[in-house]
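Visitor: Each residue of the sequence shown is one higher than the one before, counting from 1 in UniProt numbering.
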Amino acid sequence: MASPDQEGPVLTLRAATHDDIPALVALGRAVVPPTYGPIDAAYAQRMIDEWWTPEVFARSMRTNSHRVVEAGGEVLAVSSFGRLSRSYRAFSHVTDPHGSGDREVMWKLYVHPDHHGRGIGSRMLAEVESQVEGDELWLEVVDGNEQAFGFYRSHGFAEQERVTDGEWPDDVWMMKVLR
Ligand SMILES: CC(C)(COP(=O)(O)OP(=O)(O)OC[C@H]1O[C@@H](n2cnc3c(N)ncnc32)[C@H](O)[C@@H]1OP(=O)(O)O)[C@@H](O)C(=O)NCCC(=O)NCCS
């Protein structure tokens with residue numbers, strides 16, 4: 001992506017590097033509270049503390065593919081993509097994660113709130129879809145994140161299963177058949 005935007009500088013979609021990590025941590029602080037705060041404020045804080053840290057990005061970059069969109073030197077959005085079997089998180093609750101159905105998963109798609117609705121998420125999603133080797137792209141959405149559900153449904157994803165732990169909001173797995 002290197003396209004002129006009506007409202008500002010050129011948007012560039014590129015692979016993320018370790019040099020982007022501070023900007024990605026800052027992006028999380030901008031986008032996570034308005035996304036998850038209305039669902040569960042403690043959960044939003046936990047996400048920032050546990051998953052949007054320099055250490056977690058550095059670890060994730062070893063096994064997952066990260067992309068960013070930047071404009072004028074500012075990181076506006078991030079995606080991450082990889083295989084369930086290579087995740088450092090445990091997914092014993094997910095159906096058949098390491099059998100014949102190892103999932104290709106988009107772990108993150110986050111656009112800075114000031115830049116929603118400009119086509120950035122759609123462009124990043126298309127880029128992730130182009131990286132999928134099999135027929136299916138999977139992702140998790142937190143129960144209550146209706147904007148994300150609407151976005152993903154409008155892009156061809158359908159709900160597949162719900163993961164409940166009773167303490168935090170449910171995760172809903174969605175999947176899109178690509179071919
Ligand atoms: C969800 C998100 C990634 C979408 O990115 P975006 O850049 O704002 O989306 P786009 O501008 O590409 O929108 C593309 C299309 O989705 C549609 N769309 C967006 N939100 C929608 C909704 N709630 N319901 C239906 N369609 C929706 C838009 O109308 C647009 O359609 P069009 O291209 O036909 O006009 C972004 O809003 C975001 O980062 N949200 C907060 C973080 C988050 O929840 N991430 C997902 C975690 S699972």
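By construction, the Cβ of each residue, glycine as well, lies at the ideal position given by its N, Cα and C atoms.
None of these values were measured; they are calculated from a predicted model.
Can you name, in chain order, every residue of its own chain whose Cβ lies under 7 Å from the Cβ of H98, other than the five neighbours on each side?
Guide: Because H98 sits at a pLDDT of 48, beneath the cut-off of 50, its placement in the model cannot be relied upon, and the point is left open.
Visitor: Quick check: is any heavy atom of ligand 1 less than 8 Å from the C-beta of K108?
Guide: yes
Visitor: Flag F151 as yes when its Cβ comes closer than 8 Å to any non-hydrogen atom of ligand 1, and as no otherwise.
Guide: yes
Visitor: Does E104 pass the burial test, meaning 16 or more other C-beta atoms within 10 Å, or should it be called exposed?
Guide: buried
Visitor: What's the C-alpha gap between Y110 and G166?
Guide: 26 Å
Visitor: Where does H115 fall in DSSP's three states?
Guide: helix
Visitor: Compute every distance between the C-beta of V111 and the non-hydrogen atoms of ligand 1, then say whether any falls below 8 Å.
Guide: yes
Visitor: For T63, does the three-state DSSP call read helix, strand or coil?
Guide: helix
Visitor: With DSSP as the reference, label E129 as helix, strand or coil.
Guide: In the structure shown, E129 sits in a helix (DSSP, three-state: H, G or I).
Visitor: Here's the rule I'm using: 16 or more other beta-carbon atoms within 10 Å means buried, otherwise exposed. How should H18 be labelled?
Guide: exposed
Visitor: From the DSSP secondary-structure annotation, give me the bridge partner or partners of D171.
Guide: Partner residues in the beta bridge of D171, as assigned by DSSP, are V142 and V163.
Visitor: From P9 to T164, what distance separates their C-alpha atoms?
Guide: 43 Å
Visitor: Excluding the 5 residues preceding and the 5 following A148 in the sequence, name in chain order all residues of the same chain whose CB lies nearer than 7 Å to its CB.
Guide: V141
Visitor: Using a threshold of 9 Å, state whether the C-beta atoms of M47 and S80 are closer than that.
Guide: no
Visitor: With distances taken from CA atoms, which of A23, R162, W138 and S122 is nearest D102?
Guide: The shortest CA-to-CA distance from D102 to any of A23, R162, W138 and S122 is the one to W138.
Visitor: Going by the beta-carbon positions, is the gap between R89 and W52 smaller than 9 Å?
Guide: no
Visitor: Quick one: give me the first and last residue of the beta strand (DSSP E) that R46 is part of.
Guide: Run containing R46: none in the beta strand (DSSP E); it sits in the alpha helix (DSSP H), A41 to W51.
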